[in-house]
Every structure is written in structure tokens, then in C-alpha cells.
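Student: Going by the working numbering, the first residue of the sequence shown is number 77, and it counts up by one from there. I am attaching a structure below and will ask some questions about it afterwards.
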Amino acid sequence: MGPKSAMGTKPSGIKRKLTTHALAPAPLNLPAPPSAATLPAGPRPQRGAGRRRWGKRERLGAAGGRCCGTRHRPPGHCRPGVCLSACGAMGNCHTVGPNEALVVSGGCCGSDYKQYVFGGWAWAWWCISDTQRISLEIMTLQPRCEDVETAEGVALTVTGVAQVKIMTEKELLAVACEQFLGKNVQDIKNVVLQTLEGHLRSILGTLTVEQIYQDRDQFAKLVREVAAPDVGRMGIEILSFTIKDVYDKVDYLSSLGKTQTAVVQRDADIGVAEAERDAGIREAECKKEMLDVKFMADTKIADSKRAFELQKSAFSEEVNIKTAEAQLAYELQGAREQQKIRQEEIEIEVVQRKKQIAVETQEILRTDKELIATVRRPAEAEAHRIQQIAEGEKVKQVLLAQAEAEKIRKIGEAEAAVIEAMGKAEAERMKLKAEAYQKYGDAAKMALVLEALPQIAAKISAPLAKVDEIVVLSGDNSKVTSEVNRLLAELPASVHALTGVDLSKIPLIRNATGAQV
């Protein structure tokens, strides 16, 4: 089935009466059909002539007046109303841009008519016409030949870039459509790419490495000239072909360039040395000329500067003299004016001083009176008040001192009575204690010693107050006992040395120490 019509949906199979008024192709901007008056009169044209005129109308398409594409009715002999009505109801108008071509083929009654349109429009019948498109855009190809042996047997890998497109001349476009219509762009690229790679490979085998590497433009031109006829027979045009890269895997190209590089480097070094030598010589000559010119110029400048300074000094001296004279005259006149001004100022100051003295005299009198009224009188009153207060304070202090002395005397007498009573009590106690000691003799001494023993023990054990326990190490129990007995034997001597009391005279302790001995 053909595509839908641009004027509406495809009509159904129900028979309808077609009229030129209802289905006129006016929206298609088709030319008006020829009227009966304009139809050619006379006998029917010959078959060959009609076919020739018909061929011209074929190239014009629907816009040229061809109605149905049938061979059985020559152009101009179709019924206009029926043909135009059929055109409006059973076909489509196709448009195509400048970047692609439209191919319309087929027709009624077995027509082999083909129409090629790009950047325009064409008419196609439903069901009996076929429309296909083919791209006219540029296609970029990158032919690549790997490890191809050159004329010298060196394997090279060459990569190129080719820009190709389908040609728009009618005959060549027809050839391209015949071979590539219905294929996508990638299929077309593959066909052309294989052709270019084959020619590139064959040309590489006829050239040396130097010819390929050093003259790439000539190499690319040769490939383009050899491959253009073959791809041209496909309707393809080679717009450009360039060599992108040439390299090998055996370092032939790098070795080839080393010798030339060394020669060029040598010549460059020699040229640089010679240029530096010539430049040095020329630079020295230029410096000498520059210094000569500079010295001459400096001499002239110095002479001109000296003359200028002399003239300037003369002018300055004259100017300074005139300036000094003017300055002295100005200062003298200024001094005179200042003297006059000072004299006037002194007279003014004398008058002001007289006025000021009179004012100060009146001010002194006023101040004296003000001091008498504001200071002297209040001071005398304040002095009298302070004197009265001081006399009262004096009497107060005397009475307070007498009271304090009486208080201290009473307290002293009370404390003396207490001390006297305590002394009498202590003397009585000592007296009774002495009588008791005298009465009991050794027993009293023993009591004193026993009372002093806790204090003695505390003093002796003070260094050991922070010791938790004392462990006496001995393998024999009798030795521990002997150590204890030794301590008891030494105790009376220690007590006698500390207190002056001889514990050895006490019978109990003497017996204990004697038993130890």
C-alpha cells in the first residue's frame, strides 16, 4: 500500500462519482488542465513522435502535464476532469531537501518510468508507484592498509581520510540509485571503503618508502586519480583524499630520518657558529662606531653644557644681586613699618596697663572684703567652736583614762588574789606530797617511775609509731627470749640516763634483771 495522501485519508472501495469540482487538485498548485479548445486538432500523432513528446513530459512529471503515466493514451488526449480528479484522490505529493534524492518509479499499465528529484517535489500514485530516498550527504571514510609491502619490501601501515558523496548528475545519480538504493549509509561506506583500500594497497606496492613518506600530497593525488574512475562507475564522487598517517613496525622511517637529521643538525651547528662569529665581528665594529659617535657626542654635549652653565651662572649672579637689593629694600621698609606699629602697640599697652592696674586695685579691695566676710568671720567662729569641742574632748579623755586605770587596778588585784590562792594550794599539795614520799619511801619512788614510764615508752617508740609490725627473724625460739631479756636488762640504764631515776634499786626490777643474769 502507498503512503497516505497529503489531502486526506485513502478513499474506501465504495464506488463514488468523481467530479472536477469536488476533487480538484487546486491545493497541489498544479497547472490548469488543457481545455478542449487547446487540444491539438487533426489526426492522431504517430507512435514514435508521441513517445518522443511524451518523454519530454516524463521529465516534467505531474507538473508538466503528464496525467496518468500510461502509454495507451498520448499526452493531451486524456480526459482532464477525470485525470485531475484521480490525481487529487489517489496519489501523494512528496517533497525532498537538497541533501537527499527522491526516486519515483512505476506507474499504471506497466510503465517503467523513473523520476529523480533532489531539492524539489514529485507526484506518486498510490499502489502503482514506489518512492525511495537516498542520501546525498558527504560520507567520511578512513581507509587503512596494515603491513603492506612497498616496492623495496618494507612493510608500512598507511591510514587515509576520504570524503565522498553520491553525484547529482542524472545519469550518474541513476547509476548510484541502481546500485545503492535500499541500502543504508553504512553499507554504501563499506563498498566504497573496500574499493579505496584495494587501490591504496596496489599503489603502495609500486612506490618506495621515501616517495610515500616525503611526498604525501602526490601519493594521495595518485590514489585519488586511480580510484576515481572505479567509484565514479558506482555514481560516487571523491571530493578529497588525504594521507593521515604513515608508520612501520621496524623503525625504518625513524632510521631513515636519523641520517638526514644528523646532516641538518651539523649544517645548522656550522651555520650557527659562523653566524655567531660574523655577528661578534659585526657587533664589535658596531660597538666601536657607537663608542666613537658617543664620545664625540658626549664632548659636544659637555661643551654645550659648560657654556650653558657659565651663561646660567652669569644670569643667576645678576638675578641674585637684583633680588638681594630688592629684598634688603623690602626688609628695611618692613622694619620701619614694624617699628611704627610697635610704637603704637606700646602706647596701647600702656593705656591698657593703667586701666588694668585700676581694675586690679578695685579687685583687691573687693577680694579683701570678700575674704573678711566669707573666710575670716567663719574661720573665727569655727576656731571658737573647735576650741570648745577640744576642751570637752579633753575632759572626756581624762575621765575615761581615770576609769580605765581603776579598772586595771581592780583586775590586777583580783588576779593577784587568784594567783596567791593557787600558789598556797600548790604549796600545800607539794608539802603533802613530800610528806607522803617521805613516809612511803621506795613505794613513792616506784609510783613516780610508773607514772613516768608511759611517757618514756612514748618517747622511745616515737620513731616506730609508723611501723605496722616488727618481725624478729630467728631459727631458734630461745634466741628470741634472750633478745627480750637483753632489752629488759638494758632498760634501767636507759631510764637512769633519761630521768636520773635508778630502777635497779627497785626490788622488783632488780630481781627481774638478776634472774636474767
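For glycine and all other residues, C-beta sits at the position ideal for the given N, C-alpha and C. Computed from a predicted model, the values in this text were never measured in an experiment.
Rounded to the nearest angstrom, what separates Leu-272 and Ala-355 at their Cα positions?
Tutor: Cα to Cα, Leu-272 sits roughly 55 Å from Ala-355.
Student: Which complete alpha helix (DSSP H) runs does the segment 247 to 313 hold, if anything under 4 residues is left out?
Tutor: 261 to 280, 285 to 290, 292 to 308
Student: Assign Ala-503 to one of three DSSP states: helix, strand, or coil.
Tutor: helix
Student: For a quick check, are the C-beta atoms of Gly-173 and Trp-202 less than 8 Å apart?
Tutor: no
Student: Count the other CB atoms, across all protein chains shown, that sit within 10 Å of the CB of Ser-558; report buried if there are 16 or more and exposed otherwise.
Tutor: Under this definition Ser-558 is an exposed residue.
Student: Determine the burial state of Gln-191: buried for a count of at least 16 other Cβ atoms within 10 Å of its Cβ, exposed for fewer.
Tutor: buried
Student: For the structure I just gave you, are there three or more beta carbon pairs, one from the segment 245 to 256 and one from the segment 296 to 314, closer than 8 Å?
Tutor: yes
Student: Is the beta carbon of Thr-226 less than 8 Å from the beta carbon of Thr-284?
Tutor: yes
Student: Starting from the C-beta of Lys-265, find all residues in its chain whose C-beta is less than 8 Å away, skip the five residues before and the five after it, and write them out in chain order.
Tutor: Met-215, Leu-217
Student: Decide if Arg-382 is buried, meaning its Cβ has at least 16 other Cβ atoms within 10 Å, or exposed.
Tutor: Exposed, since its Cβ has fewer than 16 Cβ neighbours within 10 Å.
Student: Assign Val-230 to one of three DSSP states: helix, strand, or coil.
Tutor: coil
Student: For Thr-244, which of helix, strand or coil comes out of DSSP?
Tutor: coil
Student: With a Cβ-Cβ cutoff of 8 Å, do Thr-244 and Phe-194 count as a contact?
Tutor: yes
Student: Could you tell me whether any Cβ in chain B is nearer than 8 Å to the Cβ of Arg-461?
Tutor: Of the protein chains in this structure there is only one, and it is not chain B.
Student: Are the beta-carbon atoms belonging to Gly-236 and Thr-335 less than 8 Å from one another?
Tutor: No, the Cβ-Cβ distance between Gly-236 and Thr-335 is not below 8 Å.
Student: Let me confirm a value: His-275 is counted as buried when at least 16 other C-beta atoms fall within 10 Å, else exposed. Which label applies?
Tutor: buried
Student: Going straight from the alpha carbon of Ala-344 to that of Arg-353, what length do you get?
Tutor: 14 Å
Student: Is DSSP giving Asp-58 helix, strand or coil here?
Tutor: In the structure as shown, the chain starts at 77 and stops at 593, and residue 58 therefore has no counterpart that could be examined.
Student: In the DSSP assignment, what residue or residues form a beta bridge with Ala-200?
Tutor: Note: Ala-200 sits in a beta bridge opposite Asn-168.
Student: Helix, strand or coil: which one does DSSP assign to Glu-213?
Tutor: coil
Student: Could you tell me the alpha carbon to alpha carbon distance between Lys-363 and Ile-346, rounded to whole angstroms?
Tutor: 25 Å
Student: Quick check: what's the CA-CA separation for Val-340 versus Val-348?
Tutor: 12 Å
Student: Let me confirm a value: Ser-205 is counted as buried when at least 16 other C-beta atoms fall within 10 Å, else exposed. Which label applies?
Tutor: buried
Student: Please state the DSSP three-state secondary structure of Val-435.
Tutor: helix
Student: Arg-277 and Val-224: beta carbons closer than 8 Å?
Tutor: yes
Student: For Asp-327, which three-state DSSP category applies?
Tutor: coil
Student: Would you kindly work out how many angstroms separate the C-alpha atoms of Gln-438 and Lys-430, rounded to a whole number?
Tutor: 13 Å
Student: Cβ atoms of Thr-207 and Val-230: under 8 Å apart, would you say?
Tutor: Their beta carbons are not under 8 Å apart, which means Val-230 does not touch Thr-207 by this criterion.
Student: Roughly how many angstroms separate the alpha carbons of Ala-455 and Ile-424, rounded to a whole number?
Tutor: 43 Å
Student: Which residue or residues does DSSP assign as beta-bridge partners of Asp-206?
Tutor: Ser-181
Student: Once the 5 residues before and after Asp-327 are set aside, which same chain residues still bring their CB inside 7 Å of it?
Tutor: none
Student: For Arg-127, which three-state DSSP category applies?
Tutor: Below a pLDDT of 50, predicted positions are generally treated as unreliable, and Arg-127, at 40, falls in that range; the measurement from the model is reported next regardless. In this structure, Arg-127 counts as helix in the three-state DSSP scheme.
Student: Given a cut-off of 8 Å, decide if Ile-288 and Val-322 are closer than it, judged by their beta-carbon atoms.
Tutor: Contact flag set, yes.
Student: Near Glu-228, which residues of its chain fall below 6 Å by C-beta distance, leaving aside the five closest residues on each side in sequence?
Tutor: Thr-284
Student: From the DSSP output, in three-state form, read off Tyr-406 for me.
Tutor: helix
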